[in-house]
Every structure is written in structure tokens, then in C-alpha cells.
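Okay, so here's the structure we're looking at.
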Amino acid sequence: MTDNSTTTPADDLIGTARRSPNGTRLAILWPSPPHPARWMVTDRWGSTGYETDDVVADWPVVGSVPYSPAAGMELTEIEVAR
Numbered sequence: 082m083t084d085n086s087t088t089t090p091a092d093d094l095i096g097t098a099r100r101s102p103n104g105t106r107l108a109i110l111w112p113s114p115p116h117p118a119r120w121m122v123t124d125r126w127g128s129t130g131y132e133t134d135d136v137v138a139d140w141p142v143v144g145s146v147p148y149s150p151a152a153g154m155e156l157t158e159i160e161v162a163r
């Protein structure tokens, strides 16, 4: 787990999860280039759209998406036997 006291959203890897200070929203770093809003945000009802780094900067890191770079897995092509 990343220590949020030393990280900024710009340093986070794809798949990092941050939770809003009041606990009502969850943001996942899953960018959709070239747009600057890189964080998919959801609340208990569903997606609320994308936010920029400055919006989630004070949200603590709470985990990561399984099998994402933030969880230690590379997003590389896997050869499939045919």
C-alpha cells in the first residue's frame, strides 16, 4: 500500500484507488488520454464521471485495482497459444 503522505496523484500508477475524505466517493486512476481528467469517480449510486489530479490530491490512497500496475502487475500483452 502506498503511503499517501508522500505521494501525489501525478506519482500514482494506473489502478490506484483513492477515497474521498468523507468516505462517499471512490476514485480509480484509469486515464482516458488525452483528457486531463484521469480519475474515474463513483459513489454508491454509480459513476459520477472523471476528475483531475487536483480534485483527488487530498484523498488518501486506500488500495488498488487487482492485476493493475498499482497492484504490481504490468499491463503487457500475454502470448496466447493457438
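Quick note on the working numbering: the sequence shown kicks off at 82 and runs consecutively.
Even glycine gets a Cβ: it sits at the ideal position worked out from N, Cα and C.
Original post:
Would DSSP call Ser-86 helix, strand or coil?
Top reply: Confidence at Ser-86 is low in this model, with a pLDDT of 46, below 50, so its placement is unreliable and the value that follows should be read with caution. DSSP places Ser-86 in helix when its eight states are reduced to three.
Subject >> Assigned secondary structure, Ala-118 (DSSP; H/G/I helix, E/B strand, else coil) >> reply: Ala-118 sits in coil when the DSSP states are folded into three classes, being neither helix nor strand.
Original post:
Just curious, the alpha helix (DSSP H) that Val-142 is in, first and last residue?
Top reply: Boundaries for Val-142: no alpha helix (DSSP H) harbours it, while the beta strand (DSSP E) harbouring it runs 142 to 145, taken from the DSSP string.
**OP:** Classify Asp-124 as buried or exposed, calling it buried when 16 or more other Cβ atoms lie within 10 Å of its own Cβ.
**Re:** Around the beta carbon of Asp-124, a 10 Å sphere encloses fewer than 16 other beta carbons of the protein chains shown; the residue is thus reported as exposed.
Original post:
Where does Ser-86 land, buried or exposed, given buried means 16+ other C-beta within 10 angstroms?
Top reply: Only weak support exists for where Ser-86 lies, its pLDDT of 46 falling under 50; the coordinates are left without a value.
Original post:
Would Ser-128 be called buried (16 or more neighbouring beta carbons within 10 Å of its own) or exposed?
Top reply: So Ser-128 ends up on the exposed side.
Original post:
Leu-110 lies in the beta strand (DSSP E); which residues open and close that run?
Top reply: 107 to 110 is the extent of the beta strand (DSSP E) around Leu-110.
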